[in-house]
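Engineer:
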Amino acid sequence: MSKIGKQPIDIKEGVNISIENGQITASGVKGSLSFEIPKGIGVKIEEGKILVLPKDKNDKEIRAMFGLTRARIANIVKGASEGFEKKLELSGVGYRAQASGNQLTLSLGFSHPVVIKAPEGVLFAVAENTITVSGIDKVLVGNTAAQVRAAKPPEPYKGKGIKYKNEKIRRKAGKAAKAVGAK
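Numbering (our numbering), first residue to last: 43 to 225.
Rendered as structure tokens:
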């Protein structure tokens with residue numbers, strides 16, 4: 043049994059939960075999200091908490107989906123009430139980002155600007171050298187942030203590129219440092 047799957051999910055204030063036809067929907071301040079409950083997994087609401095229960099504890103597929111289902115339901119509850127955001131840092135001389143509407147325009151030292159369109163439900167914000175990707179769907183926010191980072195991943199010699207806010211880049215010594223150590 044999954045340790046995560048056994049934990050109850052607190053329903054935050056201002057979030058309405060409904061379970062209909064094998065689908066759970068959470069609607070709150072930020073918006074509404076839904077998730078289709080896999081077969082073999084039961085979901086019930088008791089005393090302001092959502093409980094996820096496997097119907098057959100011995101089936102491998104159901105055990106595999108048990109913790110995942112609980113995590114996805116917890117993410118839609120949090121997304122409907124608070125939302126999610128990922129912060130990326132831009133480092134490099136002349137590297138710039140500009141958000142306009144649902145587009146992010148990046149100047150990354152290429153001969154052309156890189157334009158990334160935000161999927162529906164995701165917003166871009168730029169302040170100095172920080173890009174913020176925010177929305178209510180955790181998966182969509184994470185995938186969009188990964189797409190922005192993939193435009194120019196940080197390189198290991200000078201650390202130039204786009205990195206996540208708390209990401210540590212493993213730096214390498216260049217040719218000069220390597221040659222000095224060889225003597």
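All residues carry an ideal CB built from backbone N, CA and C; glycine is no exception.
Which word fits Ala106, buried or exposed, when buried means at least 16 other C-beta atoms lie within 10 angstroms of its C-beta?
Structural biologist: In the sequence shown, the residue the question calls residue 106 occupies position 64. Its Cβ having fewer than 16 others within 10 Å, Ala106 is exposed.
Engineer: Would you grab the beta carbon distance between Asn58 and Ser44 for me? Rounded to a whole angstrom, and I think it's under 8 Å.
Structural biologist: To locate residue 58, count along the sequence shown from 1; it is residue 16. To locate residue 44, count along the sequence shown from 1; it is residue 2. With 8 Å as the limit, Asn58 and Ser44 do not qualify as a contact, their Cβ atoms being about 27 Å apart.
Engineer: Per DSSP, what kind of secondary structure is Gln140 in: helix, strand or coil?
Structural biologist: For the purposes of this step, residue 140 is identified with residue 98 of the sequence shown, where counting begins at 1. Strand.
Engineer: In chain order, what residues of the same chain have a beta carbon less than 7 Å from the beta carbon of Leu165, not counting five sequence neighbours either side?
Structural biologist: Along the sequence shown, one-based indexing puts residue 165 at 123. Within the same chain, Leu165 has close Cβ partners Ser176 and Gly177.
Engineer: Do Ile92 and Ile46 have their C-beta atoms closer together than 7 Å?
Structural biologist: One-based indexing of the sequence shown puts residue 92 at position 50. One-based indexing of the sequence shown puts residue 46 at position 4. No, these two residues do not count as a Cβ contact at 7 Å.
Engineer: Measure from the alpha carbon of Asp98 to the alpha carbon of each residue in Glu89, Ile83 and Ile87, then state which is nearest.
Structural biologist: If you number the sequence shown from 1, residue 98 lands on position 56. That would be Ile83, whose Cα lies nearest to the Cα of Asp98.
Engineer: Which residues in the same chain as Glu170 place their Cβ atom closer than 8 Å to its Cβ, once the five residues preceding and following it in sequence are excluded?
Structural biologist: By one-based count along the sequence shown, residue 170 stands at place 128. Cβ neighbours of Glu170 beyond the five flanking positions: none.
Engineer: With DSSP collapsed to three states, give me the class of Phe108.
Structural biologist: As a first step, residue 108 must be located in the sequence shown, where it is residue number 66. It is helical.
Engineer: Tell me whether Ala116 is buried or exposed, calling it buried when 16 or more other Cβ atoms sit within 10 Å of its Cβ.
Structural biologist: As a first step, residue 116 must be located in the sequence shown, where it is residue number 74. Result: buried.
Engineer: Is the CB-CB distance between Ile87 and Leu132 below 7 Å?
Structural biologist: On the sequence shown, residue 87 is found 45 positions in, with the first residue counted as 1. On the sequence shown, residue 132 is found 90 positions in, with the first residue counted as 1. Taking 7 Å as the Cβ cut-off, Ile87 and Leu132 do not qualify as a contacting pair.
Engineer: Using DSSP with H/G/I as helix, E/B as strand and the rest coil, what is Lys210?
Structural biologist: Within the sequence shown, residue 210 is the residue found at index 168, counting from 1. Looking at Lys210 - three-state DSSP - the assignment turns out to be coil, as it is neither helix nor strand.
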